[in-house]
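Read the structure below first, then the notes.
Number of protein chains: 2
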Amino acid sequence: MATIATLPDAADNPAIAAQEKILSLPLTEVRRMADAIRVLAIDAVEQAKSGHPGMPLGMADAATVLFSKFLKYDAADPRWADRDRFVLSAGHGSMLLYAWLHLSGHAGMAMDDLKRFRQLHSVAAGHPEYGEHPAIETTTGPLGQGLANAVGMALAERHLAARFGKSLVDHRTWVIAGDGCLMEGISHEAASLAGHFGLSKLCVLWDDNGICIDGEVSMTSSDDVLKRFQSYGWAVKRVDGHDPVAVEKALEGAVRSRKPTLIACRTIIGFAAPTKAGTAGSHGSPLGAKEADAAKQALGWNAAPFEVPEDIKANWEAAGRRSAGTRRSWLKRLANHPQKAEFERAMAGKLPEGWHEAAAAYRQRVAEEKPKAATRVSSQKALEVLVPAIPELVGGSADLTGSNNTNVRGIPVLSTANFGGRYVHWGIREHGMAAAMNGMAVHGGIIPYSGTFLAFADYMRPSIRLAALMRARAIHVLTHDSIGLGEDGPTHQPVETLASLRAIPNVAVFRPADAMETAECWELAVQRADGPSVLALSRQNLPALRQEAGENRSARGGYVLAEASGPRKATLIATGSEVQLAMAAREALEADGVPAAVVSLPCWELFALQDEGYRESVLGTAPRIGIEAAISFGWDRWLGADGVFIGMTGFGASAPAEDLFRHFGITAEAVVAAVRRKLA
Amino acid sequence: MATIATLPDAADNPAIAAQEKILSLPLTEVRRMADAIRVLAIDAVEQAKSGHPGMPLGMADAATVLFSKFLKYDAADPRWADRDRFVLSAGHGSMLLYAWLHLSGHAGMAMDDLKRFRQLHSVAAGHPEYGEHPAIETTTGPLGQGLANAVGMALAERHLAARFGKSLVDHRTWVIAGDGCLMEGISHEAASLAGHFGLSKLCVLWDDNGICIDGEVSMTSSDDVLKRFQSYGWAVKRVDGHDPVAVEKALEGAVRSRKPTLIACRTIIGFAAPTKAGTAGSHGSPLGAKEADAAKQALGWNAAPFEVPEDIKANWEAAGRRSAGTRRSWLKRLANHPQKAEFERAMAGKLPEGWHEAAAAYRQRVAEEKPKAATRVSSQKALEVLVPAIPELVGGSADLTGSNNTNVRGIPVLSTANFGGRYVHWGIREHGMAAAMNGMAVHGGIIPYSGTFLAFADYMRPSIRLAALMRARAIHVLTHDSIGLGEDGPTHQPVETLASLRAIPNVAVFRPADAMETAECWELAVQRADGPSVLALSRQNLPALRQEAGENRSARGGYVLAEASGPRKATLIATGSEVQLAMAAREALEADGVPAAVVSLPCWELFALQDEGYRESVLGTAPRIGIEAAISFGWDRWLGADGVFIGMTGFGASAPAEDLFRHFGITAEAVVAAVRRKLA
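Pasting the structure below:
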């Protein structure tokens, strides 16, 4: 099958010609192709008066070998599902990526775009931004994230190959990473995962230039990086990154390897810049006109700025078409493939037919059974319906499976023995998990979900932010969502975590109150194709508050769960486990002749999207009492200047949950008392 | 000197007796001491019906060797400055720590405290909480943090030894860590730092039990951990963790080592529990009465619950006094030491005399010079005054020195060649930096400060949270605090970061508007001994807005920077770089006959602490306009239901800063227009 996959279509002569041409280029021409990247990087950074020339200058040689002879892509269709993925983890070197996309003939990356590098509305943004250009596989810049995304992509490839077969899914993942990526902690989690899963189709080219921003890497690190990666089960190799033959040989080795491969490319940062090469000075600012000219002179480059000689352009365009035949063969295989429709649906991120009926039937069951259960357990019940109905759901937990309730009976574990499995034991690697999930989500074909404690969302936060920025569908199941977790104490008790997640644009934070809302929120999360979702779930049991199963009431973010029996004297607004307290308080108030309504607010972001009329009708004009076992930060928006908040004012404590709710004054009695004070 | 430091005071016979006794104990007695830890852990967890028996059962043998023969401490004075530090990084095994503290005779950890394990107000909280007991060196539970704290403690020891000499500072740092600690990314950053700094007095005992919560570690990790630590420059050793002789030999090796040492202690989790030992089932819940009894039987333990036979207690108490003579010798050396007062002042966290005069003189200079400068540059100017004036200030940057402006001319770099240096090149290790800083802060004698971009606060967040929980004085210099950083784009532009940090209890988030406020905020940060501070600083230049230098106006968190010329028609409330916009808008409004005041709000937390009268006088009753180049989350508190917010509504973009402020409508014109609409 492998030979079929890489054999060009014999009928497609231009493609064969491109492939033959590019594979037989003399070294001098390869070097000139690399120089084209270098010069465009210099020119664009000079023009922008801002940017990072050092990395493109240093890595152009190795990258040219990769882009022209190894990376499987067709510039005519950058979204070809079976393309190799290329991740520029050292995202500050974005001009390397943009120059390559331009030179290899990708639409949408014209010379004018390069001239507008780092300007408003340019696709050539300061760092590669997912969505700005179809060939940008992921957003990078925050160091180490791209590497970890790539591990997720490589894992996604293995899974989808198991699901759809190698004739449809058989591609590699290539990464260029810098010292920064490898010094970040996330690189440990990511590399360890890749080694554990034996992701042999993952290859990382490390720009081993010995320079960091503060000076020499040796000033801050004494790691033996190759030995370290060997300890994770990687194959490692060190080459002169400016020697295309050595790089080619190393990449061939990576293709043959049964392990993920790290290639240390010894390079000179700012290569060719006469005074700045080999120094931190070339890293993050323009070379300056004089140094730029001198660098071009050193390269023997005579063309005007933003001009590339035709022969070099022709070579690059041939590189961009090298796999065109491979793609056409693949398209033919797809056309005849029994799983064609399913594959295309999955890769497009569309949910399968029937899933919603299954979910609706489950909600009907919940309405009838009215289970008293922790929402983490209700989440598991929802997963028991959704995971079988939606084959793209692939998830797991960062070693808290039994606590997060993320597993589903009968769903096999994803492992080297069975890449088709759908349950992932992520290990104690929250950050690596979230970043790999981002990679899976942008790879396509997978809707990843995680599991950990809500308090540990902090460990994943840089990756959640990137999911939000990329609008990637990654779903985080975050249990033990308040002091309600009890004895583990303040380190494990989120108090500010809900606020801190609600603050991130594009993240939907769901905090359901009972089994019904949990089912509703899960439906909303899987349907939410344009951003990450968080499900904040209780450890402790909660009563069933909702009796009917028709409309997904959580879809509006907030709604009147129980209207007052007469003109409202108070509106009790709560989320999650505190909605039951609001209901109990309402009962006491009503019994005492104080008509009070209860508003459940499971998703602030969706509620904020409703029109003002709806929101005002829900929140009402009576005094508002907010109740959440968390700090008040952000609540003023819903409570107004006049509202009262019942919740936490600081960190929690270690004690049984009931004791804590009493100790911190988060009780129905406290709510009743607050209303009385307000009405007094 | 080393021999003097460890030689017991000859006049102190009981101490010598204790030392001799404990060092010559037969193995059977050592084992019974370990069993006392085991049994107390079993009993406390049973009593609490909650907790983690597996780790104490597994690590009791190795820990007993450490606590009785190596750890330098005196139960009579747990805050003795030159004690060895012990960090239970695997904080869930807290009963190991509490049992040891009780058995070794520490005051404040009575049997009654153990009986109240995990109950409200008990010092024996679910996880070890700094401040609950003087012998708890740091708060642990979130995995990997303790290990990284310990690196900071060991680095603090090296620095203070260089400053005060080995006769006052000569102690070791010991850690017990679990698989979770080592799988977390932070372990990479921390271990790499320790290796780079050659922290040979750091020793980590890894509870290598092969079990994680989801099952066997081999299910989720294939790392060769020892090889990995070797790659960082550590000495490594593997021993049977249940063999006290082997452990003792390994610890002796660690004491002799010129590198930090990792000792893999092969243990059986839940040791002695007949059915649960060696399984995840013993990790995180009570054994149950039957299994608990059987475990005690297997250990040959016949005492009633919470009872420890006198002979075992006597051995433990001897262990607790083993270094009493060493401490007395040290006290004598201290009494005669020329730096006694300075050492005591530094360790107590008191600022030196004269610092405030220097700071005040600097502010006077700022008032006269009225510099137009980025607040990151103003921060550097403040550091140029504070760092020489306060010897405890030891700081650096995560490889962004030139951008964060964290260095001070003439202050030497802290390195293996000069541990007395005070500038730390942390490398690209934000998380490790923040966690090590926590370790330095709780070690005492150092006020650590960091540097990175504000957007990357997310990488440090789990450690910032722990600093907040511990009320540790760690100061984070976070520059490039908005879209004002320009071309690097949305990955680097914080929009939600201010809100997310303001949400953490006990953190003071300072966002100064000019050089004067920057100086004021720095003073407040160094004075703030009971929690971490964040300084959010601009990349771009800002005008001098404050003309006078007397009172530290930032100390109240917010104040009227410019009062309206008549009865206020509007109050413009801003922070940091947007205060200048408010001032420009005010000028335009006043020129147009609309009296408007400008309120600068550099620190919300301090403003919230003011009495309501002050706050209302500052915020006024006129319509309020909030201006911050960030999202509005949290602003409603200051703006009221009726306010208007000018800021971001989502992520930023890549472009020159001025273009971005215009693009996102954060301009003086927009403020004026908002006021006009409001007044129309």
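Protein chains in written order, with full-length UniProt numbering: chain A, 1 to 680; chain B, 1 to 680.
Where is the CB? At the ideal position from N, CA and C, for every residue including glycine.
| query | result |
| --- | --- |
| In this structure, how does DSSP classify C203 of chain A when only helix, strand and coil are distinguished? | strand |
| Select from the segment 371-391 of chain A all residues with a C-beta closer than 7 Å to any C-beta belonging to chain B, and list them in chain order. | none |
| Closer than 9 Å between beta carbons: that is the criterion. Which residues of the segment 224-244 of chain B meet it against chain A? | D224, V225, L226, K227, R228, F229, Q230, S231, Y232, G233 |
| Quick one: what does DSSP say L386 of chain B is sitting in, helix, strand or coil? | helix |
| Determine, using beta-carbon pairs with one atom in the segment 516-528 of chain A and one in the segment 347-366 of chain A, whether at least three such pairs fall under 8 Å. | yes |
| Taking contact to mean 3 or more Cβ pairs, one atom from each stretch, closer than 8 Å, check whether the segment 234-244 of chain A and the segment 178-185 of chain A are in contact. | no |
| Taking one C-beta from the segment 85-100 of chain A and one from the segment 133-145 of chain A each time, how about it: are there three or more such pairs within less than 8 Å? | yes |
| Buried or exposed: G354 of chain A, going by 16 or more other Cβ atoms within 10 Å of its Cβ? | exposed |
| In the DSSP assignment, find the beta strand (DSSP E) that holds T571 of chain A and state where it starts and stops. | 570-574 |
| Would you call the segment 209-227 of chain A and the segment 257-273 of chain A touching, i.e. three or more CB-CB distances under 8 Å? | yes |
| Can you pull the DSSP bridge partners for W174 of chain B? | B:F86, B:C203 |
| Please confirm whether P78 of chain A and A135 of chain A have their CB atoms less than 9 Å apart. | yes |
| In angstroms, rounded to a whole number, what distance separates the CA positions of T6 of chain A and L168 of chain A? | Summary for T6 of chain A: the model assigns pLDDT 45, below 50, so the residue's position carries little reliability, and this model does not support an answer. |
| Write down every uninterrupted run of the alpha helix (DSSP H) in the segment 263-308 of chain B whose length is 4 residues or greater and which is fully enclosed by it, in chain order. | 289-299 |
| Output the boundary residues of the alpha helix (DSSP H) element that contains F164 of chain B. | 145-164 |
| Which residues of the segment 144-165 of chain B have a Cβ closer than 7 Å to any Cβ of chain A? Give them in chain order. | none |
| Assign V477 of chain A to one of three DSSP states: helix, strand, or coil. | strand |
| Give every residue of the same chain whose Cβ lies closer than 6 Å to the Cβ of A62 of chain A, excluding the five residues on either side of it in the sequence, and list them in chain order. | L205, G241, V247, C265 |
| If we ignore side chains and look at the alpha-carbon of each, how far apart do K166 of chain A and H106 of chain A end up? | 27 Å |
| What is the DSSP secondary structure of K381 of chain B, reduced to helix, strand or coil? | helix |
| Looking at chain A, is there any beta carbon in it that lies within less than 9 Å of the beta carbon of C212 of chain B? | yes |
| Run through DSSP, which three-state label would H92 of chain B get? | helix |
| Would the beta-carbon of A319 of chain B fall within 9 Å of that of S104 of chain B? | yes |
| Which bits of chain B does F651 of chain A rub up against, with CB to CB less than 7 Å? | L469, P505 |
| With DSSP run on the structure shown, which of helix, strand or coil describes Y98 of chain A? | helix |
| Note the first and the last residue of the continuous alpha helix (DSSP H) segment covering P462 of chain A. | 457-470 |
| Taking the straight line between their C-alpha atoms, what separation do you get for G647 of chain B and N541 of chain B? | 19 Å |
| Identify the continuous alpha helix (DSSP H) that holds R365 of chain B and give its terminal residues. | 355-369 |
| Would you call the segment 564-575 of chain A and the segment 594-604 of chain A touching, i.e. three or more CB-CB distances under 8 Å? | yes |
| Measuring only between beta-carbons, confirm whether R502 of chain A sits less than 9 Å from chain B. | yes |
| Leaving aside the five residues before and after A273 of chain A along the sequence, list all residues of the same chain whose C-beta is less than 7 Å from its C-beta, in chain order. | L57, S282, L287, E291, A295 |
| Against chain A, with Cβ distances strictly below 9 Å, would residue 684 of chain B count as a contact? | There is simply no residue 684 of chain B to check, as chain B begins at 1 and stops at 680 in what is shown. |
| Do the segment 611-631 of chain A and the segment 476-486 of chain A make contact, defined as three or more Cβ pairs closer than 8 Å? | yes |
| Could you name the residues that DSSP lists as bridge partners for F510 of chain A? | A:L535 |
| Confirm, please, whether the CB-CB distance from A99 of chain B to L40 of chain B is below 9 Å. | yes |
| Output the boundary residues of the beta strand (DSSP E) element that contains S397 of chain A. | 393-397 |
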